[in-house]
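Undergrad:
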Amino acid sequence: MPMTGKKLREHRLLLKLSQAKLAELSGVSQHVLSAYELGKIDLSSDASKAIDIALQNKEAVATLVKREKRYKAHEYIIPPRLPERVSKAKITEGNSRYREVIDGLLIKHNDKSEGRFSAISLFSGCGGFSLGFSAAGFDVKGYVELDEDLRKIYKENFPKSREIGGDITSVDDSKLCRYVEEIGSVDVIIGGPPCQGFSLSGKREVTDPRNQLFRHYLRFVDAFRPKFAVLENVRLLTSMKNTEGGFVMDDIANAFKDHGYKIKLFEVNAKNYGVPQHRDRILYIAVRNDIETAPSLPEPTHTEGNDFLLQAEPCRTFADACSDLAYLESGEGADDPLHEAVKHPAHVIDWLWDVQEGFSAHDNEDEGKRPPSGYNTTYKRQVWLEPASTVQTTFGMISGCRNVHPIATRSLTIREAARIQSFPDGYVFRGSLGTIRTGIGNAVPPLLAYYVAMHILDKLKFCKNSQPPN
Ligand SMILES: C[S@@+](CC[C@H](N)C(=O)[O-])C[C@H]1O[C@@H](n2cnc3c(N)ncnc32)[C@H](O)[C@@H]1O
Numbered sequence: 001m002p003m004t005g006k007k008l009r010e011h012r013l014l015l016k017l018s019q020a021k022l023a024e025l026s027g028v029s030q031h032v033l034s035a036y037e038l039g040k041i042d043l044s045s046d047a048s049k050a051i052d053i054a055l056q057n058k059e060a061v062a063t064l065v066k067r068e069k070r071y072k073a074h075e076y077i078i079p080p081r082l083p084e085r086v087s088k089a090k091i092t093e094g095n096s097r098y099r100e101v102i103d104g105l106l107i108k109h110n111d112k113s114e115g116r117f118s119a120i121s122l123f124s125g126c127g128g129f130s131l132g133f134s135a136a137g138f139d140v141k142g143y144v145e146l147d148e149d150l151r152k153i154y155k156e157n158f159p160k161s162r163e164i165g166g167d168i169t170s171v172d173d174s175k176l177c178r179y180v181e182e183i184g185s186v187d188v189i190i191g192g193p194p195c196q197g198f199s200l201s202g203k204r205e206v207t208d209p210r211n212q213l214f215r216h217y218l219r220f221v222d223a224f225r226p227k228f229a230v231l232e233n234v235r236l237l238t239s240m241k242n243t244e245g246g247f248v249m250d251d252i253a254n255a256f257k258d259h260g261y262k263i264k265l266f267e268v269n270a271k272n273y274g275v276p277q278h279r280d281r282i283l284y285i286a287v288r289n290d291i292e293t294a295p296s297l298p299e300p301t302h303t304e305g306n307d308f309l310l311q312a313e314p315c316r317t318f319a320d321a322c323s324d325l326a327y328l329e330s331g332e333g334a335d336d337p338l339h340e341a342v343k344h345p346a347h348v349i350d351w352l353w354d355v356q357e358g359f360s361a362h363d364n365e366d367e368g369k370r371p372p373s374g375y376n377t378t379y380k381r382q383v384w385l386e387p388a389s390t391v392q393t394t395f396g397m398i399s400g401c402r403n404v405h406p407i408a409t410r411s412l413t414i415r416e417a418a419r420i421q422s423f424p425d426g427y428v429f430r431g432s433l434g435t436i437r438t439g440i441g442n443a444v445p446p447l448l449a450y451y452v453a454m455h456i457l458d459k460l461k462f463c464k465n466s467q468p469p470n
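Once you know that position 215 of the sequence shown is 215 in full-length UniProt numbering, the rest is easy, because the numbers rise by one and skip nothing.
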């Protein structure tokens, strides 16, 4: 009978054996050990056997426990600014156009002309989804967000929007009725229920209560009866099963149908809508049955190849988003307080210093310059002239997935991540750096949201039964 994850951890700590050393001894990756100890996954029988054998080898365990650390974790150096690297990071032609586009979102958001269509944002985070809809001309009348610090960022940028609640599960039906009376009908409900329950970075638990949060989204749909609803989530949702073995994505679609909506699930990549980032997501578009139009998405505006039929432009790149920003090495800062590079330990800079764009420190020929554990998606440089990799909440960690700047040897700054996510520089981010990173990493890119919103706006303007407000 294999040890449980918890017991393995206790036993390992008793032996004073680090996870990295057990990984080295057993051949089971540290990532797997960590997930197992946290109860996130089960072990294969091969991995379980390998761990048993490793732990029984008392001599090898003792030698490894005694072995000194390869690196002193907190030794820092200021890396040199090599002129050839600084000049390689030169401004691209697309950069100023892109900045104009995203700055334009903020200008449109601040232009409060009358007679706008209305929306409500659920699970609003720091407001990425909302910014796109507001820029397209929607008045985002209310929002719901659990995290108090994210609510502060949201309020700062949407001061007139009504805070409907923190925890959506606490907005009971009577409260909801009161809000409907106060706010009135809305044209669209937007929202992305948290994805931890569905994503690889969390435990993919069918009984995780977060997977049921979309039912609360539906309560809002029932109460406000919007003409359209847009629900965003991670692509992995499409493989998530419910307790009966059916697909969660079908449950969501069927629930909307039962509530009187036509619905379609679309797979989208933000890079196809002018966002300089690979970001694979799903969008459900739901349309109330009496509205005479089918759920649809706008045509892509940007493509990877030359698609003359689509008349789309080439995808934007990391450099289009960031090449005007000050070149920073580890620990350096600029005038913009959000463009400040995290200070990384000297040994990590050493691993990454000569790593080429698109490669990881795990690819180093010199074994001494490879991180002791992990996959080659970690400690990995992005590519200057390609769309950036998906911005996650951990983009400040150099050990994370593809978080290393293409040319400088450091993780991404908050300003870079915000640009890659298509937040204009004028969008206000306040609070702890952790909150800001979480808000940005979880956001729907405002530019993607803008194109979706414009598409829905066109339908609202021209579809029968769907007249603009007085
Ligand atoms: C994926 S993020 C949404 C990001 C947002 N769509 C944007 O574009 O910025 C999900 C958000 O749901 C919030 N959340 C989680 N549980 C919640 C709950 N029970 N009630 C309300 N909000 C919740 C989280 O704090 C998180 O900010």
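Note that CB positions come from ideal geometry on N, CA and C, so glycine has one too.
Pick out whichever of Arg415, Ile102 and Lys459 has its Cα sitting closest to the Cα of Ile440.
TA: On the sequence shown, position 440 is the one that residue 440 refers to. Checked all of Arg415, Ile102 and Lys459; the closest Cα to Ile440 is Arg415.
Undergrad: Pair every Cβ in the stretch 122 to 135 with every Cβ in the stretch 102 to 113, then say whether three or more of these pairs are closer than 8 Å.
TA: Judged by Cβ distances under 8 Å, the stretch 122 to 135 makes contact with the stretch 102 to 113, as three or more pairs qualify.
Undergrad: Can you list the alpha helix (DSSP H) stretches of 4 or more residues lying completely in the stretch 309 to 346, in chain order?
TA: Fully enclosed alpha helix (DSSP H) runs of 4 or longer: 318 to 322.
Undergrad: In the DSSP assignment, what are the bridge partners of Lys152?
TA: Taking the first residue of the sequence shown as position 1, residue 152 is located at position 152. Its beta-bridge partners do not exist; DSSP assigns none.
Undergrad: Would you list the residues sitting across from Tyr261 in a DSSP beta bridge?
TA: Against the sequence shown, residue 261 aligns to sequence position 261. Paired residue(s): Arg288.
Undergrad: Could you check if Val180 belongs to the surroundings of ligand 1, using beta carbon to heavy atom distance under 7 Å?
TA: Translated into positions along the sequence shown, residue 180 becomes position 180. Answer for Val180: no, Cβ out of range of ligand 1.
Undergrad: Whole angstroms is fine: what's the gap from Val188's alpha carbon to Arg151's?
TA: The count along the sequence shown starts at 1 and reaches residue 188 at position 188. The count along the sequence shown starts at 1 and reaches residue 151 at position 151. Computed Cα separation, rounded: 20 Å.
Undergrad: Using only the alpha-carbon positions, how far apart do Gly128 and Gly142 sit?
TA: The residue labelled residue 128 in the question sits at position 128 within the sequence shown. The residue labelled residue 142 in the question sits at position 142 within the sequence shown. Near 14 Å, if we compare the C-alpha coordinates of Gly142 and Gly128.
Undergrad: Could you work out which residue in Lys49, Ile398, Leu447 and Thr435 is closest to Lys343 when comparing CA atoms only?
TA: Within the sequence shown, the letter at position 343 stands for residue 343. Out of Lys49, Ile398, Leu447 and Thr435, Ile398 has the C-alpha closest to the C-alpha of Lys343.
Undergrad: In angstroms, rounded to a whole number, what distance separates the CA positions of Tyr451 and Ala312?
TA: For this step, residue 451 is matched to residue 451 along the sequence shown. For this step, residue 312 is matched to residue 312 along the sequence shown. Rounded to whole angstroms, Tyr451 to Ala312 spans 14 Å at the Cα level.
Undergrad: Would Ser432 and Asp149 qualify as a contact pair, given that the criterion is a beta-carbon distance under 8 Å?
TA: Numbered from its first residue, the sequence shown carries residue 432 at position 432. Numbered from its first residue, the sequence shown carries residue 149 at position 149. Cβ atoms of Ser432 and Asp149: closer than 8 Å.
Undergrad: Where does Ala443 sit, in a helix, a strand or coil, going by DSSP?
TA: Taking the sequence shown and counting its residues from 1, the one referred to as residue 443 is at position 443. Reduced to three states, the DSSP call for Ala443 is coil.
Undergrad: Closer than 7 Å to a non-hydrogen atom of ligand 1 - does that hold for the CB of Cys126?
TA: Numbered from 1 along the sequence shown, position 126 holds the residue referred to as residue 126. Yes - ligand 1 has a heavy atom lying nearer than 7 Å to the Cβ of Cys126.
Undergrad: Between Asp320 and Thr92, which are expected to be in contact by the criterion C-beta below 8 Å, what is the C-beta distance as a whole number of angstroms?
TA: In the sequence shown, counting from the first residue as 1, residue 320 sits at position 320. In the sequence shown, counting from the first residue as 1, residue 92 sits at position 92. Confirmed, Cβ separation roughly 5 Å.
Undergrad: Could you have a look at Arg235 and say whether DSSP puts it in helix, strand or coil?
TA: Counting from one through the sequence shown, the residue named residue 235 turns up at place 235. Here Arg235 sits in helix by DSSP.
Undergrad: In this structure, what does DSSP give as the bridge partners for Val188?
TA: Counting from 1 along the sequence shown, the entry for residue 188 is found at position 188. Bridge partners of Val188: Ala119 and Phe228.
Undergrad: Enumerate in chain order the residues of its own chain whose CB-to-CB distance from Asp103 is below 8 Å, with the five nearest sequence positions on each side excluded.
TA: Counting from 1 along the sequence shown, the entry for residue 103 is found at position 103. Closer than 8 Å at the Cβ level, and outside the excluded window around Asp103, lie Pro424, Asp425 and Gly426.
Undergrad: Please list, in chain order, all residues of the same chain as Ile436 whose beta carbon is under 7 Å from its beta carbon, the five residues on each side excluded.
TA: As a working note, residue 436 is residue 436 in the sequence shown. Result list for Ile436: Ile414 and Phe429, in chain order.
Undergrad: Going by the CB atoms, is the gap between Leu460 and Phe220 shorter than 8 Å?
TA: Stepping through the sequence shown from its first residue, residue 220 is reached at position 220. Stepping through the sequence shown from its first residue, residue 460 is reached at position 460. Going by C-beta atoms, Phe220 is not nearer than 8 Å to Leu460.
Undergrad: If you compare alpha carbons, which of Ala23, Asn254, Thr4 and Phe224 is closest to Gly184?
TA: As a working mapping, residue 184 is identified with position 184 in the sequence shown. Of the listed residues, the one whose Cα sits closest to Gly184 is Phe224.
Undergrad: Please confirm whether any heavy atom of ligand 1 lies closer than 7 Å to the CB of Glu416.
TA: One-based indexing of the sequence shown puts residue 416 at position 416. Not under cutoff, so the answer is no.
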